[in-house]
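Protein chains in written order, with my numbering: chain V, 2 to 339; chain Y, 361 to 702.
We treat Cβ as the ideally placed atom computed from N, Cα and C, and that holds for glycine.
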Amino acid sequence: MNTRYLVKRALYALATIYVAVSLTFFLIRLLPGGPKTYIKNKLMKSQTSMSVEEINNLAAAYTNVYPDQPLHMQYLSYMTSAVQGDFGTSVWFGEPVSQVIWRAMPWTLFLSTTTLFLGLVIGIVVGGLMAYNEGGRFDIGMTTYTLISGSIPYYMLAILLIYVFGFMWGVFPTSGAYASGVEPGFNLPFMMSVAYHATLPITSMVLVAFGGTALGLRSNAISELGADYIRAARIRALPQHRIALRYVARNAILPMYTGIMMGIASVFGGSIILEQIFGYQGVGYIMFKATMSRDYPLMMGSFILVTVATVVGIFIADVTYGMVDPRIEAGGEGRESY
Amino acid sequence: MSHTNDDGSKPEDGPFGTTSSYSTTRSDRTRQALDEFVLTPFSIIWSDVRARLGFLIIVCYLLLGTVGVALVHSPQPNETERMLAPLQLLQYPLGADALGRGIFAQLVHSTPAMLQIMLSGGLWVITVGTTLGMIAGYKGGKLDTAIMFTSDTVMMLPGLPLLILVVTILQPKSPIVLGFILSLTGWAGLARAIRSEILSLREANYVEASRIMGLDTGYILKNDLLPNIMPYVLINLVNSMKGMIFASMGLYFLGVLPFTNLNWGIMLNNAYQQSGALYTWEAAHWLLAPMLTVMILAFGLVMFAQGCDRLFNPRVRARHEKRTTTEESNTEDSPTVMESNY
Numbered sequence: 002m003n004t005r006y007l008v009k010r011a012l013y014a015l016a017t018i019y020v021a022v023s024l025t026f027f028l029i030r031l032l033p034g035g036p037k038t039y040i041k042n043k044l045m046k047s048q049t050s051m052s053v054e055e056i057n058n059l060a061a062a063y064t065n066v067y068p069d070q071p072l073h074m075q076y077l078s079y080m081t082s083a084v085q086g087d088f089g090t091s092v093w094f095g096e097p098v099s100q101v102i103w104r105a106m107p108w109t110l111f112l113s114t115t116t117l118f119l120g121l122v123i124g125i126v127v128g129g130l131m132a133y134n135e136g137g138r139f140d141i142g143m144t145t146y147t148l149i150s151g152s153i154p155y156y157m158l159a160i161l162l163i164y165v166f167g168f169m170w171g172v173f174p175t176s177g178a179y180a181s182g183v184e185p186g187f188n189l190p191f192m193m194s195v196a197y198h199a200t201l202p203i204t205s206m207v208l209v210a211f212g213g214t215a216l217g218l219r220s221n222a223i224s225e226l227g228a229d230y231i232r233a234a235r236i237r238a239l240p241q242h243r244i245a246l247r248y249v250a251r252n253a254i255l256p257m258y259t260g261i262m263m264g265i266a267s268v269f270g271g272s273i274i275l276e277q278i279f280g281y282q283g284v285g286y287i288m289f290k291a292t293m294s295r296d297y298p299l300m301m302g303s304f305i306l307v308t309v310a311t312v313v314g315i316f317i318a319d320v321t322y323g324m325v326d327p328r329i330e331a332g333g334e335g336r337e338s339y
Numbered sequence: 361m362s363h364t365n366d367d368g369s370k371p372e373d374g375p376f377g378t379t380s381s382y383s384t385t386r387s388d389r390t391r392q393a394l395d396e397f398v399l400t401p402f403s404i405i406w407s408d409v410r411a412r413l414g415f416l417i418i419v420c421y422l423l424l425g426t427v428g429v430a431l432v433h434s435p436q437p438n439e440t441e442r443m444l445a446p447l448q449l450l451q452y453p454l455g456a457d458a459l460g461r462g463i464f465a466q467l468v469h470s471t472p473a474m475l476q477i478m479l480s481g482g483l484w485v486i487t488v489g490t491t492l493g494m495i496a497g498y499k500g501g502k503l504d505t506a507i508m509f510t511s512d513t514v515m516m517l518p519g520l521p522l523l524i525l526v527v528t529i530l531q532p533k534s535p536i537v538l539g540f541i542l543s544l545t546g547w548a549g550l551a552r553a554i555r556s557e558i559l560s561l562r563e564a565n566y567v568e569a570s571r572i573m574g575l576d577t578g579y580i581l582k583n584d585l586l587p588n589i590m591p592y593v594l595i596n597l598v599n600s601m602k603g604m605i606f607a608s609m610g611l612y613f614l615g616v617l618p619f620t621n622l623n624w625g626i627m628l629n630n631a632y633q634q635s636g637a638l639y640t641w642e643a644a645h646w647l648l649a650p651m652l653t654v655m656i657l658a659f660g661l662v663m664f665a666q667g668c669d670r671l672f673n674p675r676v677r678a679r680h681e682k683r684t685t686t687e688e689s690n691t692e693d694s695p696t697v698m699e700s701n702y
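Right, dumping it as structure tokens:
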């Protein structure tokens with residue numbers, strides 16, 4: 002594999018995380034009436050016996066931003082504590098931010114990777130079938146479906162599903178990640194309960210998401226089907242499934258890889274609204290709670306960790322891309338610059 | 361160089377050919393411009409079912425946001441029966457919410473703000489994305505690396521959490537400012553796509569010619585490259601407008617934005633948060649009305665974007681010109697081929 006490509010992608014990933022952490026620092030530090038003032042006011046109201054200095058110190062301890070140092074030193078100390086995994090203390094939970102998020106992270110990871118995987122597999126299969134039936138009834142039906150599903154935001158579908166199946170018919174649970182009675186751990190009732198509770202959130206996102214993948218794959222596959230090497234393969238009397246899987250599918254999926262990687266970012270981001278609707282206690286739920294109670298350290302911390310998760314996901318996708326596609330460009334193609 | 365300008369009446373020839381011996385009048389030019397920029401696009405849009413449908417839907421929403429606001433009185437609490445079912449009273453065709461406010465009137469009075477968000481966000485995304493993408497693709501070198509590095513970084517940031525963070529702290533009240541904030545992450549993907557379009561165009565002969573003639577970069581970008589990517593840009597404008605609506609509705613639904621004016625997302629939030637509304641079928645119309653409003657608008661935009669493809673297809677355009685000038689009416693060859701979408 003191309004080491005130069007890997008190094009470049011790793012640099013991009015680190016840069017993104019750096020930007021995210023810096024962004025939170027500047028939002029805390031520079032905005033007038035921003036998080037710092039808010040936390041100070043809150044402390045002042047609840048603990049009237051404290052002196053102004055003590056309140057300042059406490060607010061600084063919560064956010065990891067110490068206002069009496071010069072700006073670059075503040076930035077440096079904020080960055081170093083963030084690198085060490087210290088994102089301050091949550092005002093709402095009263096415990097370290099990293100601890101709160103660590104508890105919630107597995108749920109979001111589970112929800113988003115399942116969604117992503119199902120969306121991709123269904124999209125690819127449907128898109129392939131559409132391409133093979135070009136102009137047929139299945140093709141036209143699915144094209145109509147994708148047009149309609151493209152006009153529905155996933156959270157609206159989620160609200161509809163939970164309204165009908167959760168509240169009105171009571172077929173699916175309306176909140177939580179697993180039933181209250183079951184023992185969390187590696188046992189069948191727990192896993193069944195988790196799957197049962199995740200059905201609606203996953204369905205609502207997958208139903209909307211796979212349409213775009215299917216359409217993209219369809220048009221890629223149709224142009225591949227007309228290519229000369231496919232005709233040559235047919236003339237050589239290669240088995241149909243070999244042509245479909247090894248020739249068409251591979252070349253039709255590869256151009257979509259960038260889009261898939263971007264999908265990782267949107268799936269992680271989308272978890273906020275989805276987890277809120279389904280009362281699913283993942284990072285998105287935590288972040289929303291932090292937003293509503295103006296728990297700024299927790300907001301910033303969860304934003305940083307969601308970014309890290311996204312970046313790591315994209316990086317993994319990048320590395321595997323290098324394995325499946327040998328044509329990866331090394332970057333700096335030697336074009337003339339004007 | 362032998363310019364024989366002896367008779368004086370003959371217009372002087374330029375280095376690239378003879379200057380036209382007759383001039384177009386202003387009315388000629390107006391008519392031509394009208395034909396090129398209004399009549400031709402309009403009739404092409406009209407000839408495609410999808411684009412026509414999308415166009416009609418968009419016009420309906422525009423009318424709703426301008427004329428509708430003037431005709432329908434603004435909704436007040438307790439003006440009618442609470443949770444009035446739809447299709448009961450002529451005055452309240454979609455019924456009323458739990459506070460007795462007419463739902464139809466709420467939908468209409470939310471439209472201007474939503475259209476402003478959509479337009480401002482879409483235009484920002486397009487302007488920033490196209491400009492940076494074109495510069496990166498055309499100039500190449502260090503500038504290209506810098507712009508692509510920035511856009512790759514922005515693309516990796518999780519969009520919605522970032523928006524929630526910024527919006528909670530800034531609390532934007534104006535729809536136009538909100539549109540701007542929503543466009544903060546949207547430009548990156550477009551810039552990347554535009555760049556790769558430009559990469560294949562920059563080596564074209566006419567671009568090379570302009571460069572040799574010493575025309576400046578701005579001129580080449582604007583006159584040689586931009587017209588080529590215009591279809592792509594416009595389709596992206598429509599798509600990003602759809603994205604703006606979805607994103608802003610999501611944020612309003614979550615309740616992280618200040619509830620200053622009426623808004624479809626706020627309506628959805630009210631219906632969803634209202635205690636007990638989710639437990640009865642009676643509230644269905646309240647929940648569904650804003651959803652359907654957004655879905656129809658989004659559907660119109662999707663259809664319009666699909667049909668727009670044809671607007672910039674030179675073959676369709678040429679056929680149209682032939683028809684209008686020579687009054688030929690052989691429409692048998694009207695294309696039914698499915699265009700692949702981007």
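Using the C-alpha atoms, what's the distance from residue j back to residue i?
i, j, result
"G129/V", "F509/Y", "34 angstroms"
"L59/V", "G95/V", "13 angstroms"
"M627/Y", "T528/Y", "19 angstroms"
"G578/Y", "R552/Y", "19 angstroms"
"F166/V", "A238/V", "50 angstroms"
"T175/V", "Y76/V", "43 angstroms"
"G667/Y", "Y592/Y", "12 angstroms"
"M573/Y", "R389/Y", "28 angstroms"
"S708/Y", "L399/Y", "The structure shown does not extend to residue 708/Y, since chain Y is modelled only from 361 to 702, so the question has no answer here."
"T308/V", "E225/V", "36 angstroms"
"N42/V", "R30/V", "16 angstroms"
"I236/V", "L7/V", "39 angstroms"
"Q100/V", "M263/V", "28 angstroms"
"T144/V", "G186/V", "43 angstroms"
"F269/V", "Q448/Y", "43 angstroms"
"F211/V", "E568/Y", "42 angstroms"
"P190/V", "L201/V", "18 angstroms"
"E441/Y", "L119/V", "46 angstroms"
"S194/V", "G177/V", "10 angstroms"
For residue i, which residues in chain Y fall below 8 angstroms Cβ to Cβ?
i, result
"I274/V", "L520, G610, F613, L614"
"G271/V", "L520"
Using 10 angstroms around the beta-carbon of residue i, count the other beta-carbons present and answer buried if the total reaches 16, otherwise exposed.
i, result
"K46/V", "exposed"
"V427/Y", "exposed"
"T640/Y", "exposed"
"I703/Y", "For residue 703/Y there is no data in the structure shown, the boundaries of chain Y being 361 and 702."
"G493/Y", "buried"
"Y612/Y", "buried"
"R138/V", "exposed"
What residues from chain V crowd round residue i, counting only those whose CB sits closer than 8 angstroms?
i, result
"G549/Y", "M263"
"F619/Y", "Simply none; closest approach about 14 angstroms."
"L585/Y", "By Cβ distance, chain V contributes nothing, its closest Cβ being about 12 angstroms from L585/Y, past 8 angstroms."
Tell me which residues share the same chain as residue i and place their Cβ nearer than 6 angstroms to its Cβ, disregarding the 5 neighbours each side in the sequence.
i, result
"L614/Y", "none"
"G462/Y", "P435, Y452, A456"
"D296/V", "S91, V92, W93"
"G217/V", "M257"
Residues in its own chain within less than 8 angstroms of residue i by CB, not counting five upstream and five downstream?
i, result
"A473/Y", "P535, N621, L622, N623"
"Y13/V", "none"
What does a CB cutoff of less than 7 angstroms around residue i pick up in its chain, not counting 5 residues either side in sequence?
i, result
"L208/V", "S150, L158"
"A222/V", "G128, G129, A132, V249, A253"
"V616/Y", "I524, V527, T528"
Can you list the residues of chain V that residue i reaches, using a CB-CB cut of under 7 angstroms?
i, result
"V662/Y", "L148, G151, S152"
"Y632/Y", "I160"
"Y452/Y", "The premise fails here: Y452/Y is roughly 22 angstroms from chain V at the closest Cβ pair, so nothing lies under 7 angstroms."
Using a Cβ cut-off of 9 angstroms, pull out every chain Y residue sitting near residue i, in sequence order please.
i, result
"T308/V", "M516, L517, P518, P521, L522"
"S267/V", "P518, G519, L520"
"T321/V", "Here the premise fails: no neighbours, minimum Cβ distance about 16 angstroms."
Can you list the residues of chain Y that residue i reaches, using a CB-CB cut of under 7 angstroms?
i, result
"I315/V", "M516"
I'd like the ranges of any alpha helix (DSSP H) spanning at least 4 consecutive residues and lying wholly in the segment 598-643 of chain Y. 624-633
Complete alpha helix (DSSP H) runs within the segment 143-214 of chain V (minimum length 4 residues, chain order): 155-162
Please give me, in chain order, every unbroken run of the alpha helix (DSSP H) with length at least 4 that falls completely inside the segment 231-281 of chain V. 251-254, 258-278
List, from N- to C-terminal side, the alpha helix (DSSP H) runs of 4 residues or more that fit wholly inside the segment 566-592 of chain Y. none
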